[in-house]
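Colleague: Quick one: structure below, then a few questions.
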Amino acid sequence: MSTVDTTRARRGRMGRLGAAAGVHAVLLAYTIIAIFPVLIVVLNSFKNRRGIFTEPLALPRTETFSVEGYATVLTEGNFLLYYSNSLIVTVVSLFLILLFGAMAAHALSEYRFKLNALLGVYLILGIMVPIRLGTVAILQLMVDLSLVNTLISLILVYTAQGLPIAVFILTEFMRTLSRDIKDCARVDGLSEYRIFFEVVLPLVRPVLATVAVFSMIPIWNDLWFPLILASSDATKTVTLGVQQFIGQYTVNWSAVLASLSIAILPVLVLYAIFSRQLISGITAGAVKG
Amino acid sequence: MAQLVLQDVRKRFGKVEVIHGVDLEVKDGEFVVFVGPSGCGKSTLLRMIAGLEEVSGGDVVIGDERMNEVAPSDRGIAMVFQSYALYPHKDVYGNMAFALRHAGEDKKVIDERVRKAADILGLEDLLKRRPKELSGGQRQRVAIGRAIVRDPAIFLFDEPLSNLDAALRVQMRVEILRLHQRLKTTMVYVTHDQVEAMTLADRIVVLRDGRIEQVGTPLELYHHPKNQFVAGFIGSPRMNFLPARAAGEGRVTAAGSGPIEMPVEPRAEAGELTLGIRPEHVEMVAPGQGTVAGEVLVAERLGGETFLHVELDGKETVVVKADGGVTQKPADRVGLRFPPEALHLFGGDGQAFARRERQGVIA
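So this is what it looks like as structure tokens:
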């Protein structure tokens with residue numbers, strides 16, 4: 001009896017180990033595939049042109065090591081300007097997405113009013129319709145508003161693009177918030193706006209961070225709208241600025257790779273900031289869970 | 001300090017009416033408990049008093065002022081919620097001071113009031129803690145402290161003890177009682193637990209389906225329930241109900257018994273009758289003696305007392321509260337005596353016959 005039990009137990013443990021190993025193998029493979037191109041970009045950004053072409057996969061050696069790419073990027077062209085353009089557009093758009101997304105979500109989840117469900121569907125519909133389908137109309141609109149070649153045009157478009165998913169995620173989460181805590185704030189005399197800012201927003205911070213990460217990446221990486229709406233030299237973003245090193249006949253690969261490597265940095269920093277917030281459980285202890 | 005008056009208060013959600021005209025007067029300093037099964041509208045009624053639900057009809061009057069359209073914060077009330085509803089990002093002090101800070105109260109006054117409330121509730125050492133660092137009992141104490149700090153005219157409690165474990169619930173019940181004795185403020189308390197209602201209330205309001213079934217002191221409700229619903233709801237284990245038939249001259253027969261003298265005022269009643277007797281009033285006697293006889297189905301032994309579930313020969317089940325030391329086992333035959341003075345009688349519509357003797361009046 002006991003031997004049967006132990007063999008079964010052992011088989012169970014081996015089975016679990018096997019399953020864990022399998023899961024980790026898959027994850028590891030995925031990680032390698034995901035990181036490999038990034039790693040190649042960063043590695044080759046530290047090589048000279050010869051090094052890039054003769055041995056693209058090798059680590060930089062003394063003969064091939066060079067920071068000429070970085071030098072070109074930082075001295076030639078307005079790279080710092082592009083960089084700050086990208087940052088401004090991304091950060092302001094994110095702020096607007098989170099603010100308006102959270103406000104809409106709060107209204108949809110908290111208040112009972114006619115057409116509530118319909119309005120919710122309308123706000124979320126944007127998830128299913130790619131905003132690029134409206135490019136021509138958007139361009140016409142921006143021309144009419146004299147907003148072409150301004151960062152504002154990009155901020156407006158990205159805010160519109162990010163709102164549907166933000167409203168969707170935040171509404172779902174806010175529905176799960178305890179009604180008591182908001183009622184308590186009402187009894188304490190807070191206005192509806194202060195309830196939103198002082199009670200609801202702190203409670204949804206982890207979700208705001210999640211939405212921020214989701215929304216940030218496509219904005220930072222976008223080439224389409226900068227190219228169409230703001231391609232002037234003063235309003236170029238990083239992704240667009242990189243194009244100046246890609247000529248019709250020659251491509252300055254060192255500079256391209258160096259600028260891409262630098263472009264990764266702020267996203268990493270922003271991600272690090274938000275991911276600290278992703279640790280949920282901030283509501284623990286407020287209400288009986 | 002204030003009295004609370006509800007006049008024909010109604011609540012409709014869309015077309016559905018859930019509160020059907022409630023009239024109630026709560027005196028200054030009184031502890032009133034709303035009790036009833038879930039969905040009876042007791043929480044909705046409380047939220048209407050607090051101003052968190054709109055009043056669809058009738059008036060809510062606090063003090064001498066009609067409050068229907070007054071904001072919750074201006075009604076002079078404080079509310080304690082079932083889920084504590086503490087602000088998770090503020091420490092205990094911040095939670096208790098929040099309402100006053102928001103009202104622009106002087107810092108010194110705030111500090112004084114928070115410390116006083118913390119002193120009453122024994123929270124002095126916890127003022128710097130966050131809610132997540134507190135136990136359930138402590139959290140509920142902070143929630144009560146937050147209410148005390150506001151120095152309200154009326155305290156509203158919405159099932160404040162339902163989330164606590166049994167031992168803590170008993171302890172907090174006593175604390176709330178002592179708090180009321182100390183503050184002497186009007187309190188309205190909602191619960192589905194009749195034990196809480198019995199132990200806490202000056203007066204109990206029994207609600208069912210958005211209507212008041214009966215209002216009275218705990219002992220009034222226990223001894224003189226107006227109808228079968230209140231009789232079954234108050235008391236634990238609940239009252240035994242047996243179908244009965246009139247046997248003339250103010251007597252009835254039930255479950256194969258002989259005619260039993262009833263201690264009630266006679267009333268013309270055509271329909272089915274129901275005899276009621278509480279488990280603690282049934283006496284166990286030798287088989288063959290007593291009012292009815294039956295067979296023990298189950299014996300629940302709690303140590304100090306034993307609940308015997310007895311199946312009568314007419315197949316009805318009667319619960320008997322007996323001594324902890326009774327030796328009867330399942331399948332044993334027993335006789336049960338129904339002392340006439342302890343009996344209740346209900347008409348076909350569930351309305352109780354008035355009992356002749358007033359009981360449970362504490363002078």
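Chains as they are written, first to last, in the UniProt record's numbering: chain L, 1 to 289; chain C, 1 to 363. Ideal Cβ placement from N, Cα and C applies to all residues, glycine included.
#1: Are the C-beta atoms of C/GLY347 and some chain L residue less than 7 Å apart?
#2: Apart from the five residues on each side of it in sequence, which residues of its chain come closer than 6 Å, Cβ to Cβ, to C/GLY347?
#3: Which word fits C/GLU159, buried or exposed, when buried means at least 16 other C-beta atoms lie within 10 angstroms of its C-beta?
#4: Is the closest heavy atom of the ligand ATP to the C-beta of L/LEU227 under 6 Å?
#5: So C/HIS89 contacts chain B; which residues on that side make the cut at Cβ distance below 7 Å?
#6: Where does C/ALA293 fall in DSSP's three states?
#7: Please work out which residues of its chain come closer than 8 Å, Cβ to Cβ, to C/VAL310, disregarding the five sequence neighbours upstream and downstream, and give them in chain order.
#8: In whole angstroms, what is the alpha-carbon distance linking C/SER162 and C/VAL35?
#9: Using a Cβ-Cβ cut-off of less than 7 Å, give me the residues of the stretch 175-197 of chain L that come near chain C, in sequence order.
#10: Suppose you measure from the CA of L/LEU43 to the CA of L/TYR83; what does that come to, to the nearest Å?
#11: Residues in the stretch 42-60 of chain C with C-beta within 9 Å of chain L's C-beta atoms, listed in sequence order?
#12: Please confirm whether C/PRO72 has its beta-carbon closer than 7 Å to some beta-carbon of chain L.
#13: Residues in its own chain within less than 8 Å of L/SER275 by CB, not counting five upstream and five downstream?
#14: Mind the definition here: the stretch 214-226 of chain L touches the stretch 235-246 of chain L only if three or more C-beta pairs lie below 8 Å; say whether that holds.
#15: Does C/HIS102 get closer than 7 Å to chain L when you measure Cβ to Cβ?
#16: Rounded to a whole number of angstroms, what is the C-alpha to C-alpha distance between L/VAL267 and L/SER215?
#17: Let me make sure I understand the geometry here. Which of L/ILE155, L/THR250, L/LEU17 and L/ASP180 has the alpha-carbon closest to that of L/ILE97?
#18: With the cut-off set at 7 Å, would you say C/GLU305 and C/GLY324 are in Cβ contact?
#19: What first and last residue would you give for the alpha helix (DSSP H) that runs through C/ARG208?
#20: Between which residues of its own chain and residue 306 of chain L is the CB-CB distance below 6 Å, once the five residues before and five after are set aside?
#21: Out of C/VAL18, C/GLN3 and C/ALA2, point me to the one whose CA is closest to C/VAL9's CA.
#22: Give me the chain L residues within the contact set of C/SER38, using Cβ-Cβ distance strictly less than 9 Å, ordered along the chain.
#23: When DSSP labels each residue in this structure, what does residue 349 of chain L get in the three-state scheme?
#24: Could you tell me the distance, in whole angstroms, from the CA atom of L/ARG132 to the CA atom of L/ILE264?
#25: Using the beta-carbon count (16 or more within 10 Å), is L/VAL38 buried or exposed?
#26: Thinking just about the alpha-carbon of each residue, which of C/VAL80, C/GLU112 and C/ARG130 is nearest to the one in residue 364 of chain C?
#27: In terms of DSSP beta bridges, what is C/THR44 paired with?
#28: How is L/PHE274 classed by DSSP in three states: helix, strand or coil?
#29: Just the Cα atoms here: how many angstroms apart are C/PRO259 and C/VAL285?
#30: Measure from the alpha carbon of C/GLU53 to the alpha carbon of each residue in C/GLY41, C/GLY63 and C/ASP64, then state which is nearest.
#31: Quick one: what does DSSP say C/TYR84 is sitting in, helix, strand or coil?
#32: My assumption, with CB atoms under 8 Å, is that C/ARG358 sits in contact with C/GLU265. Please give the rounded CB distance.
#33: Excluding five sequence neighbours on each side, which residues of the same chain lie with their C-beta closer than 8 Å to the C-beta of L/ILE40?
#34: Can C/PRO225 and C/ALA201 be called in contact, C-beta distance under 7 Å?
#35: For C/LEU345, count neighbouring Cβ atoms within 10 angstroms of its own Cβ and tell me buried if that reaches 16, exposed if not.
#36: In this structure, how does DSSP classify C/GLY58 when only helix, strand and coil are distinguished?
Modeller: With the structure as the only source:
#1: Here residue 347 of chain C corresponds to residue number 347 of the second sequence, with the count starting at 1. So no, C/GLY347 is outside the interface.
#2: Within the second sequence, the letter at position 347 stands for residue 347 of chain C. The residues are GLU269.
#3: Walking along the second sequence from the start, residue 159 of chain C turns up at place 159. Buried, because 16 or more other Cβ atoms sit within 10 Å of the Cβ of C/GLU159.
#4: Within the structure as shown, the ligand ATP is missing, as the structure has no ligands at all.
#5: Going by chain labels, chain B is absent from the structure shown, which instead holds the protein chains L and C.
#6: If you number the second sequence from 1, residue 293 of chain C lands on position 293. It is a strand residue.
#7: Walking along the second sequence from the start, residue 310 of chain C turns up at place 310. The answer, listed in chain order, is GLY294, GLU295, VAL296, LEU297, THR317, VAL318, VAL319, VAL320, VAL334 and LEU336.
#8: Here residue 162 of chain C corresponds to residue number 162 of the second sequence, with the count starting at 1. Here residue 35 of chain C corresponds to residue number 35 of the second sequence, with the count starting at 1. Taking the straight line joining both Cα atoms gives about 13 Å.
#9: Contact residues of the stretch 175-197 of chain L toward chain C are SER178, ASP180, ILE181, ASP183, CYS184, ARG186, VAL187, ASP188, GLY189 and LEU190 (C-beta to C-beta distance below 7 Å).
#10: Within the first sequence, numbered from 1, the residue matching residue 43 of chain L stands at position 43. Within the first sequence, numbered from 1, the residue matching residue 83 of chain L stands at position 83. Each residue's Cα considered, the two are about 21 Å apart.
#11: ARG47, ALA50, GLY51 and LEU52
#12: Position 72 of the second sequence, counted from the start, is the residue given in the question as residue 72 of chain C. Yes, C/PRO72 lies at the interface with chain L (some Cβ there is under 7 Å from its Cβ).
#13: Indexing the first sequence from 1 puts residue 275 of chain L at position 275. Correct list, in chain order: ALA209 and VAL213.
#14: Result yes; three or more Cβ-Cβ pairs closer than 8 Å.
#15: On the second sequence, position 102 is the one that residue 102 of chain C refers to. Yes, contact with chain L.
#16: Here residue 267 of chain L refers to the residue found at position 267 when the first sequence is read from its first residue. Here residue 215 of chain L refers to the residue found at position 215 when the first sequence is read from its first residue. Taking the straight line joining both Cα atoms gives about 11 Å.
#17: Locating residue 97 of chain L in the first sequence gives position 97, counting from the first residue. Of the listed residues, the one whose Cα sits closest to L/ILE97 is L/ILE155.
#18: As a first step, residue 305 of chain C is located in the second sequence; it is residue number 305 there, counting from the start. As a first step, residue 324 of chain C is located in the second sequence; it is residue number 324 there, counting from the start. Their beta carbons are under 7 Å apart, which means C/GLU305 touches C/GLY324 by this criterion.
#19: Position 208 of the second sequence, counting from 1, holds the residue named residue 208 of chain C. From DSSP, C/ARG208 is part of no alpha helix (DSSP H) but of the beta strand (DSSP E) over 203-208.
#20: Not covered by the structure: residue 306 of chain L. The range shown for chain L is 1 to 289.
#21: As a working note, residue 9 of chain C is residue 9 in the second sequence. Nearest option by C-alpha distance: C/VAL18.
#22: Here residue 38 of chain C corresponds to residue number 38 of the second sequence, with the count starting at 1. Those do not exist, as C/SER38 stays about 16 Å from chain L at its closest Cβ, beyond 9 Å.
#23: Here chain L covers residues 1 to 289 and nothing more, so residue 349 of chain L does not appear.
#24: Locating residue 132 of chain L in the first sequence gives position 132, where the first residue counts as 1. Locating residue 264 of chain L in the first sequence gives position 264, where the first residue counts as 1. If I take the Cα positions, the gap works out to 24 Å.
#25: For this step, residue 38 of chain L is matched to residue 38 along the first sequence. Exposed: under 16 other Cβ atoms inside 10 Å.
#26: Outside the displayed range of chain C (1 to 363) lies residue 364 of chain C, so it cannot be described from this structure.
#27: Mapped onto the second sequence, residue 44 of chain C falls at position 44. Its beta-bridge partners do not exist; DSSP assigns none.
#28: Numbered from its first residue, the first sequence carries residue 274 of chain L at position 274. Looking at L/PHE274 - three-state DSSP - the assignment turns out to be helix.
#29: Position 259 of the second sequence, counted from the first residue, corresponds to residue 259 of chain C. Position 285 of the second sequence, counted from the first residue, corresponds to residue 285 of chain C. Going from the Cα of C/PRO259 to the Cα of C/VAL285 covers about 18 Å.
#30: Working through the second sequence from its first residue, we reach residue 53 of chain C at position 53. The residue with the shortest Cα to Cα distance from C/GLU53 is C/GLY41.
#31: Taking the first residue of the second sequence as 1, we reach residue 84 of chain C at position 84. Coil, per DSSP.
#32: Mapped onto the second sequence, residue 358 of chain C falls at position 358. Mapped onto the second sequence, residue 265 of chain C falls at position 265. No, C/ARG358 and C/GLU265 are not in contact; Cβ-Cβ is about 12 Å, not under 8 Å.
#33: Taking the first sequence and counting its residues from 1, the one referred to as residue 40 of chain L is at position 40. Excluding positions up to five away in sequence, the list reads PRO56 and LEU57.
#34: Counting from one through the second sequence, the residue named residue 225 of chain C turns up at place 225. Counting from one through the second sequence, the residue named residue 201 of chain C turns up at place 201. No.
#35: In the second sequence, residue 345 of chain C corresponds to position 345, counting from 1. Answer is buried; the Cβ neighbour count reaches 16.
#36: What you label residue 58 of chain C is simply residue 58 of the second sequence in a count that begins at 1. If DSSP states are grouped into helix, strand and coil, C/GLY58 belongs with the strands.
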